[in-house]
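J.: Attaching a single structure in C-alpha cells format; questions to follow.
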Amino acid sequence: MTVVATVRDTRDAVQTGARSAVDVCQASLEAIAAADPSLHAFTTLTGERALARAAAIDRHPQRATLPLAGVPVAIKDTICTAGVRTTAASRILEHFVPPYDATVVQRLEAAGAIIVGKANCDEFAMGSSTETSFFGPTMNPWDPTRIPGGTSGGSAVAVAAGMTPLALGSDTGGSIRQPAALCGIVGLKPTYGRVSRYGLLAHASSLDQIGPMTRTVADAAIALSVLAGHDRADATSASEPVPDFSAELAAPRPLRIGVPRSLIDSGVDGEVGAAFYAALDVLAAQGATLVDIALPHASAAIPVYYLVSTAEASSNLARYDGVRYGYRAPAAATARGGGRMQDDLKAMYGRTRAAGFGAEVKRRIMLGTYVLSAGYYDAYYLKAQRVRTLIRRDYEQALAQTDVVAMPTTPTAAFGLGEKLSDPLQMYLADIFTVSANLAGLPGISVPCGFTGGGLPIGLQLLGRLFDERTLLQAAHQYESQTSWWTRRPSIR
Amino acid sequence: MAAGFSRSQVEHVAALANLELTSDELDTFATQLASILAYAEQVQSIDTTGVPPTASVVTAVSERDDVTAASLDREDALANAPDGHLEAGLFRVPRVIG
C-alpha cells in the first residue's frame, strides 16, 4: 500500500514541484480506501473537494512558499468545516453542516493543506477510547481488537496508519496526547490560548485546546507555526508572539527535566514504566539533568478534572435542544391517533436530548448539572476550582527549577475494545497523567518511546511552561533524534 | 455527603438538564453517579483555606474594538434548523404555554 511521507517531506516535494498536490492527495485517498474499512478513522470523506483543492494548490502562484503545500490533513469531527458535515460523532449533529470554518481550518487551508476528511472521535470528545462515537469505534492499527485511545482516536489512526501525515485533534483532558501515545505517533497540546478555538464544538471551555498530530516532532513544529496566534473571534486566544518553532528545534543548552517519581511509580504498568525510565536515560545521555520533583496534589487531578469538565460540559451542551440546529425527536405517536398531539417545548427538549445523546454524554451532563446545582456548587465545583489552583501551583514550582516535566502519557498501553466501556470510573482513571496539563493550561507533547512485548506503542509525555512550546519541542526533538521508535509502522491488513 | 442517589434525586437532576431518562437509565445513573461522586469525595480532604478558585488560566483581559461587522446570513442561520421558516425568519417550536 501507499505510504504517506512526513509533513515536511510532502510539503517540500510539492513546493519544489517534485510531486504534484493532486498526486499526493490521490495517494492519501487510496491509503484511506485501503485501510479505513477495517480501522474506521473517518466519519466523512471529502475526496472530490480535496482533489479540486489540490489542483488549485498545483496552480497556486505562491506554491513554492506555502508552509503546508499539498499536505493531506484529517480534521477531528468536533471542528467546524464550512459546507462539510461536522457531527461531533453524535446523533444530535448527524446532519449538521456548519455555515463557517473554524479558524484553524482557515489557517490550514491558507497554508496549502488539503482536508481529506473528518476524523472519528468520542461523542462530543467525551471518552478515552473513541468507543462512544455514534458511528461506532475506531480500531487501533497495531492491534484492531484494541482501542486507539481517545478522544481524537480517528485523527491518531489516520496518521499512524499512513492515511494522512497530519491530523488535527482537540485535547480537553488528554485527547490528543493519549491516542497519540497508544497509536505510536506525536501529539501536541499547545498552551491554553495559543491556538484559536473559534469553530471548535465546545466541551469544557476552560480546558479545551486544539493541536496537531503527526509522525515527527519537526512536523508538529511546522503545524503549530501555522495554527498558533491571536484570533479576534476567540476571546481566550492569546496575543503572545509566535516564534518560528521549526527554526529553533535544536536545544541551545542542556535541559533540566523534572521527574515526579512517586506519582509515576504509584500507578503505572511495568512495561510502560520501563520504557519511560529508558527514555529518561536517553535524554540524560544527551546531557539532560534529571531533577526529582514533587507534585503533591497530582492524585487529586482526576476528581478535579471530572468535576470541572462535566460542569462546563453540562452548560455548553445545553445549546443542543432541537431548535436552531441538529436533530429534533418527533412527538411520539399516540395509539389514539386523530387530532393534534399534546406537545410542548419542554417535552420536545427532553426527548430530543434523550434520543440525540449517547450514554457517556448523558452521564456527564447529569454529573455536571448535579455539581452545579443549588446546595452542591460550593462543595463540588468551587472546591474543585480551589484544588485546581493548588495543582497549578505544583507545576509552577516544578517548572521554575526545570525546563520540562516528564512522565508516561498513559498508565498502560492500549486496552481491549469494550474492556472499560461498562465502568466509567475505570475509563476516567486512564487519564491520570494527562488531565493536569489542561487544568494548569500547560503545553504537553507525547512522543513514541517504545513498544510492549505484544507490540503496542508506548508514549513519553513532556509538559512545558506556559507559552514555551519552543523548549517543549526542543526536548521532544532531542529525544526523537536519538531513537527510531517513530519510524516503526503498523502492518495494515 | 453523596452517600447514595435516590431515583427521585436523579429525576430532579434530569429535569434540570432537560433530559428525559428511561426507567433503566434512572437506575443506572443513580448507581454510577454515586460511585463517581464517592471517588470525587477525596477533594474534600484537601485544605484549601485561603486558596482562590481557578475558573480559567487566562489572566490577561482580552479587549477589542467594538466594530460592526457582517454576521451570519439569515438563510445560513436557518439552514440547519429542524423546523426553520425562512420567509418569516423564524425557528418554529412546539407551543410554550399550555
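Protein chains in written order, with the numbering used here: chain A, 19 to 511; chain B, 19 to 116. We treat Cβ as the ideally placed atom computed from N, Cα and C, and that holds for glycine.
Let me know the secondary structure DSSP gives A:TYR388 once reduced to three states.
T.: In the first sequence, residue 388 of chain A corresponds to position 370, counting from 1. Helix.
J.: Just to confirm my understanding: we take B:PHE23, look at its own chain, exclude 5 residues before and 5 after, and list those with CB closer than 6 Å. What are they?
T.: Numbered from 1 along the second sequence, position 5 holds the residue referred to as residue 23 of chain B. Closer than 6 Å at the Cβ level, and outside the excluded window around B:PHE23, lie ALA48, LEU51 and ALA52.
J.: Tell me which residues share the same chain as A:THR64 and place their Cβ nearer than 7 Å to its Cβ, disregarding the 5 neighbours each side in the sequence.
T.: Counted from its first residue, the first sequence places residue 64 of chain A at position 46. Only VAL102, ILE133, VAL134 and GLY135 meet the Cβ criterion.
J.: Just the C-alpha distance for A:THR420 and A:PRO278, rounded to the nearest angstrom, thanks.
T.: As a working note, residue 420 of chain A is residue 402 in the first sequence. As a working note, residue 278 of chain A is residue 260 in the first sequence. Those two C-alpha atoms are separated by around 12 Å.
J.: With 9 Å as the C-beta to C-beta threshold (strictly closer), list the residues of the segment 22-44 of chain A near chain B in chain order.
T.: The segment 22-44 of chain A vs chain B, Cβ under 9 Å: nothing.
J.: Under 8 Å between beta-carbons, which chain B residues line up against A:ASP339? List them in chain order, please.
T.: For the purposes of this step, residue 339 of chain A is taken as residue 321 along the first sequence, with counting starting at 1. Result: ASN36.
J.: Tell me which residue opens and which closes the alpha helix (DSSP H) that A:SER46 is part of.
T.: As a working note, residue 46 of chain A is residue 28 in the first sequence. Per DSSP, A:SER46 belongs to the alpha helix (DSSP H) from 39-57.
J.: Would you verify that the beta carbon of A:HIS221 is, or is not, closer than 8 Å to some beta carbon of chain B?
T.: Sequence index remark: in the first sequence, residue 221 of chain A carries index 203 (1-based). No - not a single Cβ of chain B is within 8 Å of the one on A:HIS221.
J.: The beta strand (DSSP E) spanning A:ASP189 covers which residue range?
T.: The residue given as residue 189 of chain A occupies position 171 in the first sequence. Counting along the chain, the beta strand (DSSP E) containing A:ASP189 begins and ends at 184-189.
J.: Under three-state DSSP, which class holds A:LEU218?
T.: For the purposes of this step, residue 218 of chain A is identified with residue 200 of the first sequence, where counting begins at 1. Three-state DSSP puts A:LEU218 in a strand.
J.: How is A:SER255 classed by DSSP in three states: helix, strand or coil?
T.: For the purposes of this step, residue 255 of chain A is taken as residue 237 along the first sequence, with counting starting at 1. Three-state result, A:SER255: coil.
J.: For A:PRO461 and chain B, any beta-carbon pair shorter than 8 Å?
T.: Counting from one through the first sequence, the residue named residue 461 of chain A turns up at place 443. No, its Cβ sits nowhere closer than 8 Å to a Cβ of chain B.
J.: Helix, strand or coil: how does DSSP classify A:ASP362 here?
T.: Within the first sequence, numbered from 1, the residue matching residue 362 of chain A stands at position 344. Coil.
J.: Quick one: give me the first and last residue of the alpha helix (DSSP H) that B:THR55 is part of.
T.: By one-based count along the second sequence, residue 55 of chain B stands at place 37. Sequence inspection shows Leu at residue 55 of chain B; the Thr mentioned does not correspond to that position. 41-58 is the span of the alpha helix (DSSP H), which, as asked, contains B:LEU55.
J.: What residue ranges within the segment 412-437 of chain A form continuous beta strand (DSSP E) runs of no fewer than 3 residues, ordered along the chain?
T.: Entirely contained in the segment 412-437 of chain A, the beta strand (DSSP E) runs reaching 3 residues are, in chain order, 422-426.
J.: Quick one: what's got a C-beta closer than 8 Å to A:GLY357's C-beta in the same chain, skipping five residues either side?
T.: Residue mapping note: residue 357 of chain A aligns to position 339 of the first sequence, counting from 1. For A:GLY357, the pLDDT reaches just 45, beneath the cut-off of 50, and the residue's location in the model is therefore unreliable, although a value from the coordinates is still provided. Cβ within range, chain order: n/a, list empty.
J.: Can you find the residues in the same chain that come closer than 6 Å, C-beta to C-beta, to A:VAL405, ignoring five residues on each side of it along the sequence?
T.: Taking the first residue of the first sequence as position 1, residue 405 of chain A is located at position 387. Once the five neighbours on either side are set aside, the close Cβ partners of A:VAL405 are ALA318 and VAL322.
J.: How many whole angstroms separate the CB atoms of A:ASN456 and A:THR190, which I take to be in contact at a CB cut-off of 8 Å?
T.: Within the first sequence, residue 456 of chain A is the residue found at index 438, counting from 1. Within the first sequence, residue 190 of chain A is the residue found at index 172, counting from 1. Between A:THR190 and A:ASN456 the Cβ distance is about 6 Å, and since that is below 8 Å, they are a contact.
J.: Just tell me which of B:ARG113, B:VAL76 and B:ASP91 has its CA closest to the CA of B:LEU104.
T.: In the second sequence, residue 104 of chain B corresponds to position 86, counting from 1. Nearest C-alpha to B:LEU104: B:ASP91.
J.: I'd like to know if the segment 443-456 of chain A and the segment 144-151 of chain A are in contact, where contact means that at least 3 CB-CB pairs between them fall below 8 Å.
T.: Contact holds: three or more Cβ-Cβ distances are below 8 Å.
J.: What are the start and end residues of the alpha helix (DSSP H) that includes A:ILE320?
T.: In the first sequence, the residue the question calls residue 320 of chain A occupies position 302. Unbroken alpha helix (DSSP H) run through A:ILE320: 319-334.
J.: Taking the alpha-carbon positions, what's the A:ALA316 to A:PRO155 distance?
T.: Translated into the one-based positions of the first sequence, residue 316 of chain A becomes position 298. Translated into the one-based positions of the first sequence, residue 155 of chain A becomes position 137. Looking at the two C-alpha atoms, the distance is approximately 31 Å.
J.: Going by DSSP, which residues form a beta bridge with A:MET231?
T.: Counted from its first residue, the first sequence places residue 231 of chain A at position 213. DSSP output for A:MET231 lists A:ALA185 and A:GLY205 as bridge partner(s).
J.: Anything in chain B within Cβ reach of A:ASP361, meaning under 7 Å, just list it in chain order.
T.: In the first sequence, the residue the question calls residue 361 of chain A occupies position 343. Chain B residues near A:ASP361: PRO112.
J.: Using the Cα positions of A:TRP160 and A:LEU57, report the straight-line distance between them to the nearest angstrom.
T.: In the first sequence, residue 160 of chain A corresponds to position 142, counting from 1. In the first sequence, residue 57 of chain A corresponds to position 39, counting from 1. Using only the alpha carbons, I get a separation of about 10 Å.
J.: If we ignore side chains and look at the alpha-carbon of each, how far apart do A:GLY376 and A:ALA106 end up?
T.: Counting from one through the first sequence, the residue named residue 376 of chain A turns up at place 358. Counting from one through the first sequence, the residue named residue 106 of chain A turns up at place 88. Going by the C-alpha atoms only, they are around 12 Å apart.
J.: Between the Cα of B:ASN36 and those of A:LEU484, A:ARG371, A:VAL389 and A:LEU390, spot the shortest distance and give me the residue it belongs to.
T.: Residue 36 of chain B sits at position 18 when you count from the first residue of the second sequence. Of the listed residues, the one whose Cα sits closest to B:ASN36 is A:ARG371.
J.: DSSP on A:THR61, reduced to helix/strand/coil?
T.: Against the first sequence, residue 61 of chain A aligns to sequence position 43. Correct three-state label for A:THR61: strand.
J.: Just the chain B side, please: which residues come within less than 9 Å of A:VAL115 by C-beta, in chain order?
T.: Start at 1 with the first residue of the first sequence, and residue 115 of chain A comes out as number 97. Going along chain B in sequence order, the residues near A:VAL115 (Cβ under 9 Å) are ALA97 and ASN98.
J.: Give me the Cβ distance between A:PRO461 and A:PRO208, rounded to the nearest whole Å; I'm assuming they're in contact under 8 Å.
T.: As a working note, residue 461 of chain A is residue 443 in the first sequence. As a working note, residue 208 of chain A is residue 190 in the first sequence. A:PRO461 to A:PRO208, Cβ: 5 Å. Contact.
J.: Please classify A:ARG483: is it buried, with 16 or more other beta-carbons within 10 angstroms of its beta-carbon, or exposed?
T.: In the first sequence, counting from the first residue as 1, residue 483 of chain A sits at position 465. Looking at its Cβ environment, which holds 16 or more other Cβ atoms inside 10 Å, A:ARG483 is buried.
J.: Whole angstroms are fine: how far does the CA of A:ALA347 sit from the CA of B:ASP101?
T.: Taking the second sequence and counting its residues from 1, one reaches residue 101 of chain B at position 83. Taking the first sequence and counting its residues from 1, one reaches residue 347 of chain A at position 329. The alpha-carbon atoms of B:ASP101 and A:ALA347 are separated by roughly 11 Å.
J.: Does the beta-carbon of A:LYS380 have 16 or more other beta-carbons within 10 angstroms, so that it is buried, or is it exposed?
T.: By 1-based counting over the first sequence, the position of residue 380 of chain A is 362. With 16 or more Cβ atoms within 10 Å of its Cβ, A:LYS380 is classed as buried.
J.: At a Cβ threshold of 8 Å, is B:SER41 touching chain A?
T.: Your numbering for residue 41 of chain B matches position 23 in the second sequence. Closer than 8 Å: no.
J.: Quick one: which chain A residues come within Cβ less than 7 Å of B:ARG82?
T.: Position 64 of the second sequence, counted from the first residue, corresponds to residue 82 of chain B. Within chain A, the residues near B:ARG82 are ARG250.
J.: With A:ALA174 as the anchor, note down where its alpha helix (DSSP H) starts and where it stops.
T.: Within the first sequence, residue 174 of chain A is the residue found at index 156, counting from 1. Its alpha helix (DSSP H) spans residues 171-178.
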